[in-house]
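Q: Mind having a look at this structure? Questions to follow.
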Amino acid sequence: MKSLQLTILFLFLLMIFVLIGHIAFGQNQSTTSQPFDIEVVEVPEILVFSLKKEIQDFSQELPQIIHDSVVELTKMGGKPSGPLIVLYYLKNVDFNQPLGKILTEVAWPVDKAQYSNNQLPKIKAARIIFKGSYQGMNAVYQSIHSWLVQNHYKIVYPTREIYHNDPATTTAEDLLTEILIPVEEAKD
0 MKSLQLTILF LFLLMIFVLI GHIAFGQNQS TTSQPFDIEV VEVPEILVFS
50 LKKEIQDFSQ ELPQIIHDSV VELTKMGGKP SGPLIVLYYL KNVDFNQPLG
100 KILTEVAWPV DKAQYSNNQL PKIKAARIIF KGSYQGMNAV YQSIHSWLVQ
150 NHYKIVYPTR EIYHNDPATT TAEDLLTEIL IPVEEAKD
C-alpha cells in the first residue's frame, strides 16, 4: 500500500507539471525552437476503468481521483493492464483567464470487459513521445500547436496523456510521456 501511496504522490506531481504545460501552451502560441517528432496516428479504441471529475484544486483532488480509481478497480478484482491515461476536456478554454474547473478523466486500461466502465474511442491523433522531465512539457505543447497550425489540423478534444513509466522508480530525464492530441483536418 505504501508503494501505491508513493506512486499517487508522484503522479500528482506529474499532473501539476502537465497542467503547467497546458497553461503555457495556451499563453504562448508562438513557435518553439526545440523540434519534436510529431506524427499523425490512428489510436484504437481501448477498454478502460475510469473516473471523471471536474477538478479545480489539482493538488488536493487529482491524487484522490487517481487513488479512488485504483481502489475501485482493485475491489472489482481487476488491475490495470497498461499505463495510466489522463484525459483533459479543455474545449474553448481562454488560458488568459483563470482556468476554473477542468473536466479530467483518469483512465486505466483493462483487458477484460467485466472490469471496464468505459471505452475510449478510436481517434486520429497528433502524437509526440516525450522523453524527459515533466518541466520540459511546455516546449512540447508549443511545438504541437505550431505543427497543428502549419499542417492545417484542428484539435478535437479531449487530449490524452499516457505515462509510460513510474516517476517513483524512473529518473526525470528517462520519463516517457506520450501526448495524443485528437485532430481533424481544418477547413479553410
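Start counting the sequence shown at 0; every next residue gets the next number (numbering that gives the first Met the number 0).
Every residue, glycine too, gets a C-beta built ideally from N, C-alpha and C.
1) Which complete alpha helix (DSSP H) runs does the region 32-95 hold, if anything under 4 residues is left out?
2) So, at 7 Å on beta carbons, what are the nonlocal neighbours of Arg159 in its own chain, with the 5 sequence-adjacent residues on each side left out?
3) Quick one: residues in its chain with C-beta nearer than 7 Å to the C-beta of Gln55, no 5 flanking neighbours on either side, listed in chain order?
4) Measuring CA to CA, which of Pro79, Asp187, Glu177 is closest to Val40?
5) Using the Cβ count rule (16 or more neighbours within 10 Å means buried), how would you classify Glu44?
6) For Gln134, count neighbouring C-beta atoms within 10 Å of its own C-beta (all shown protein chains included) and say buried if the count is 16 or more, exposed if not.
7) Specify the secondary structure class of Asn137 as computed by DSSP and reduced to three states.
8) Would you say the region 164-172 touches the region 124-141, given that touching needs at least three Cβ pairs under 8 Å?
9) Starting from the Cα of Val139, find the closest Cα among Tyr152, His151, Ala125, Asn150 and give me that residue.
10) Helix, strand or coil for Tyr152? Go by DSSP, reduced to three states.
11) Buried or exposed: Ala185, going by 16 or more other Cβ atoms within 10 Å of its Cβ?
12) Please identify the residue among Leu46, Ile122, Tyr162, Asn150 whose C-alpha is closest to the C-alpha of Met136.
13) Between Leu119 and Lys51, how many whole angstroms is the CB-CB distance? I'm expecting something under 8 Å.
A: If we stick to the structure as given:
1) 57-74
2) Ile84, Leu86, Leu179
3) Gly99, Lys100
4) Out of Pro79, Asp187, Glu177, Glu177 has the C-alpha closest to the C-alpha of Val40.
5) Exposed is the call here.
6) exposed
7) helix
8) yes
9) Ala125
10) strand
11) exposed
12) If we check each option's Cα against that of Met136, Tyr162 comes out closest.
13) Leu119 to Lys51, Cβ: 12 Å. No contact.
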